[in-house]
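Trainee:
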Amino acid sequence: MRKWIVLPLLSLAAGPLWAAECGVVVEGSDAMQFNTKAIEVPATCKNFSVTLKHVGKLPKASMGHNWVLSLATDEAGITAAAIKAGAAADYLDAADPRIIAHTKLLGGGESDTVKFAVSKLKAGTDYAFFCSFPGHAALMKGTLTVK
Ligand code: CO
Numbered sequence: 066m067r068k069w070i071v072l073p074l075l076s077l078a079a080g081p082l083w084a085a086e087c088g089v090v091v092e093g094s095d096a097m098q099f100n101t102k103a104i105e106v107p108a109t110c111k112n113f114s115v116t117l118k119h120v121g122k123l124p125k126a127s128m129g130h131n132w133v134l135s136l137a138t139d140e141a142g143i144t145a146a147a148i149k150a151g152a153a154a155d156y157l158d159a160a161d162p163r164i165i166a167h168t169k170l171l172g173g174g175e176s177d178t179v180k181f182a183v184s185k186l187k188a189g190t191d192y193a194f195f196c197s198f199p200g201h202a203a204l205m206k207g208t209l210t211v212k
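Just so we're aligned, residue 66 is where the sequence shown starts under our numbering, counting upward by one.
(1) Strictly by DSSP, which residues pair up with residue 116?
(2) Please classify residue 207: does DSSP put it in a helix, a strand, or coil?
(3) In chain order, what are the residue ranges of uninterrupted alpha helix (DSSP H) at least 4 long that sit wholly in the region 130-164?
(4) With DSSP as the reference, please indicate the residues paired to residue 171 in a beta bridge.
(5) Indicate the three-state DSSP secondary structure (helix, strand or coil) for residue 79 in the structure shown.
(6) Closer than 8 Å: is that where the CB of residue 181 sits relative to any heavy atom of the ligand CO?
(7) Using a 10 Å radius around the Cβ and a threshold of 16 neighbouring Cβ atoms, would you call residue 182 buried or exposed?
(8) Would you tell me roughly how many angstroms separate the C-alpha atoms of residue 141 and residue 124, rounded to the nearest one?
(9) Looking at C-alpha atoms only, which residue of 212, 139, 95, 197 is the closest neighbour of residue 188?
(10) Using DSSP bridges, identify the partner residues of residue 223.
(11) In the DSSP output, which residue or residues are listed as bridge partners for residue 99?
(12) Quick one, which of 108, 103, 122, 162 has its alpha-carbon nearest residue 96's?
(13) Considering only heavy atoms of the ligand CO, does any lie closer than 8 Å to the CB of residue 196?
(14) Verify whether the separation of the beta carbon atoms of residue 171 and residue 93 is less than 9 Å.
(15) Are residue 56 and residue 178 close, meaning C-beta to C-beta below 9 Å?
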């Protein structure tokens with residue numbers, strides 16, 4: 066009588082899936098939208114990476130997108146300072162200490178990744194992510210929390 070051995074194939078996928086949780090891909094569109102409104106960062110991650118992809122076609126000058134992270138309470142101050150910084154600074158005062166992490170400002174078809182230490186964040190605190198291009202944070206914003 067023959068005996069068949071079934072290999073536990075599912076266990077092979079466990080490693081890569083676990084690692085993938087320490088990062089996320091966010092898309093920004095020509096309709097001035099991010100494709101996500103909430104990001105949860107696992108407290109077990111040492112670092113967390115965010116890749117922003119501008120999936121539209123419009124140029125940076127008219128539909129620029131970046132991904133900026135701060136305390137939720139600092140968002141309004143950062144976006145106000147971004148307008149003062151102007152187009153030459155890609156609408157972000159990068160030296161602003163309230164900014165926890167940020168990508169470059171992108172035009173259609175471009176992407177950029179930012180990686181930050183999860184130790185910079187506290188569980189139970191509300192963080193905001195947003196685009197600092199003038200006017201965009203009204204629509205392009207979401208929450209980030211540590212779980
Ligand atoms: Co934008």
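The beta-carbon is built from N, C-alpha and C at its ideal position, and this holds for glycine as well.
All values derive from a computational prediction rather than experimental measurement.
Mentor: Concretely, from the data shown:
(1) As a position in the sequence shown, residue 116 is number 51, starting the count at 1. In DSSP, residue 116 forms a bridge with 90, 178.
(2) Taking the first residue of the sequence shown as 1, we reach residue 207 at position 142. Note: residue 207 maps to strand in three-state DSSP.
(3) 140-150
(4) Counting from one through the sequence shown, the residue named residue 171 turns up at place 106. Partner(s): 130.
(5) Taking the first residue of the sequence shown as position 1, residue 79 is located at position 14. With a pLDDT of only 44 at residue 79, under 50, the local geometry of the prediction cannot be trusted, and no value is derived from it.
(6) Here the question's residue 181 lines up with position 116 in the sequence shown. Incorrect: residue 181 has no Cβ contact closer than 8 Å to the ligand CO.
(7) The residue given as residue 182 occupies position 117 in the sequence shown. Flag for residue 182 reads exposed.
(8) As a working note, residue 141 is residue 76 in the sequence shown. As a working note, residue 124 is residue 59 in the sequence shown. So the two alpha carbons sit approximately 25 Å from each other.
(9) Residue 188 sits at position 123 when you count from the first residue of the sequence shown. Ranking 212, 139, 95, 197 by Cα distance to residue 188 puts 212 first.
(10) Because the chain spans 66 through 212 in this model, residue 223 falls outside it and cannot be assessed.
(11) As a first step, residue 99 must be located in the sequence shown, where it is residue number 34. Beta-bridge pairing links residue 99 to 93.
(12) As a working mapping, residue 96 is identified with position 31 in the sequence shown. Nearest of 108, 103, 122, 162 to residue 96, Cα basis: 122.
(13) Residue numbering aside, residue 196 sits at position 131 when the sequence shown is read from its first letter. Yes; taking the cut-off as 8 Å, the Cβ of residue 196 has a heavy atom of the ligand CO nearer than that.
(14) One-based indexing of the sequence shown puts residue 171 at position 106. One-based indexing of the sequence shown puts residue 93 at position 28. The answer is yes: Cβ separation under 9 Å.
(15) Look at the range of the chain in this structure, 66 to 212, and you will see that residue 56 is not part of it.
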